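Enquirer: In this note's numbering, the protein residues as written are 1364 to 1531. A virtual CB, placed ideally from N, CA and C, is assigned to each residue, including glycine. In this text, all values refer to a predicted model and were calculated from it rather than measured experimentally. I am attaching a structure below and will ask some questions about it afterwards.
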């Protein structure tokens, strides 16, 4: 709880790399992109902290794992970019990307998983009060993390989404 505002958010805001840069590097040579930009989690997956600007082209709230589909003007690749908006956010990208939370800090796997769940819950709280349906077609700036599986779909857990024209 105490590390969300003091460590997690500042780390993501300060260490995020432009998503277009990361995706282009992954498309060129995923191995070197992972070495340069990612943190490897205990399960062997690579996690990236990214920032970017994009246009919301779809808002999906039909399931509890709501998402925004975002088009990146500065990226020409074929990846589908999704930002999780909740109320349920899945995955461990936030926990595994920041670099200061590791499995050996916990007694067991359950506690380690609870940290990921707690960070995702904070991310959901951060977005409460935003009516994403009204932002379709609008530009946003975002900061967040994703676990790399393949370039087809990148699902980002955001720590911050700012609509264009809104105060940061």
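Does the separation of the CB atoms of residue 1429 and residue 1448 fall below 9 Å?
Expert: For this step, residue 1429 is matched to residue 66 along the chain shown. For this step, residue 1448 is matched to residue 85 along the chain shown. Yes, the Cβ-Cβ distance between residue 1429 and residue 1448 is below 9 Å.
Enquirer: Hey, residue 1390 and residue 1437 are a contact pair by Cβ (cut 8 Å); roughly how many whole angstroms apart?
Expert: To locate residue 1390, count along the chain shown from 1; it is residue 27. To locate residue 1437, count along the chain shown from 1; it is residue 74. That pair is no contact at about 14 Å.
Enquirer: How about residue 1465 and residue 1412: do their beta carbons lie closer than 9 Å?
Expert: Your numbering for residue 1465 matches position 102 in the chain shown. Your numbering for residue 1412 matches position 49 in the chain shown. Not a contact, by the Cβ cut-off of 9 Å.
Enquirer: Determine the DSSP secondary structure at residue 1508, reduced to helix, strand or coil.
Expert: As a first step, residue 1508 is located in the chain shown; it is residue number 145 there, counting from the start. Strand.
Enquirer: Quick test of your reading: residue 1401 and residue 1505, contact by CB under 8 Å. State the CB separation rounded to the nearest angstrom.
Expert: As a first step, residue 1401 is located in the chain shown; it is residue number 38 there, counting from the start. As a first step, residue 1505 is located in the chain shown; it is residue number 142 there, counting from the start. That belief does not hold up - the Cβ atoms of residue 1401 and residue 1505 are roughly 18 Å apart, past 8 Å.
Enquirer: Where are the beta strand (DSSP E) runs, 3 residues long or more, that stay fully inside the stretch 1412 to 1489, in chain order?
Expert: The stretch 1412 to 1489 contains these whole beta strand (DSSP E) runs: 1428 to 1434, 1443 to 1450.
Enquirer: For residue 1397, does the three-state DSSP call read helix, strand or coil?
Expert: Counting from 1 along the chain shown, the entry for residue 1397 is found at position 34. The answer is helix: DSSP assigns residue 1397 an H, G or I state.
Enquirer: Around the Cβ of residue 1467, are there at least 16 other Cβ atoms within 10 angstroms (buried) or fewer (exposed)?
Expert: Walking along the chain shown from the start, residue 1467 turns up at place 104. So residue 1467 ends up on the exposed side.
Enquirer: Three-state secondary structure (DSSP) at residue 1523?
Expert: By one-based count along the chain shown, residue 1523 stands at place 160. The answer is strand: DSSP assigns residue 1523 an E or B state.
Enquirer: Evaluate contact between the stretch 1412 to 1422 and the stretch 1495 to 1505, counting only Cβ atoms and requiring at least three cross-stretch pairs below 8 Å.
Expert: Yes, the stretch 1412 to 1422 touches the stretch 1495 to 1505.
Enquirer: For residue 1399 and residue 1405, I'd like the C-alpha separation in whole angstroms.
Expert: Reading the chain shown from its first residue, position 36 is the one you call residue 1399. Reading the chain shown from its first residue, position 42 is the one you call residue 1405. Roughly 18 Å between the two C-alpha positions.
Enquirer: In whole angstroms, what separates the C-alpha of residue 1490 from that of residue 1394?
Expert: Translated into positions along the chain shown, residue 1490 becomes position 127. Translated into positions along the chain shown, residue 1394 becomes position 31. The alpha-carbon atoms of residue 1490 and residue 1394 are separated by roughly 33 Å.
Enquirer: Pull the bridge partners of residue 1402 from the DSSP assignment, please.
Expert: Along the chain shown, read from residue 1 onward, the residue named residue 1402 stands at position 39. In DSSP, residue 1402 forms a bridge with 1410.
Enquirer: With burial defined as no fewer than 16 other Cβ atoms inside 10 Å of the residue's Cβ, what is the status of residue 1376: buried or exposed?
Expert: Your numbering for residue 1376 matches position 13 in the chain shown. Counting Cβ neighbours within 10 Å, residue 1376 comes out exposed, since fewer than 16 surround it.
Enquirer: Helix or strand or just coil, what does DSSP make of residue 1387?
Expert: One-based indexing of the chain shown puts residue 1387 at position 24. If DSSP states are grouped into helix, strand and coil, residue 1387 belongs with the helices.
Enquirer: So, using beta-carbon positions, are residue 1372 and residue 1478 closer together than 9 Å?
Expert: As a first step, residue 1372 is located in the chain shown; it is residue number 9 there, counting from the start. As a first step, residue 1478 is located in the chain shown; it is residue number 115 there, counting from the start. Contact: no.
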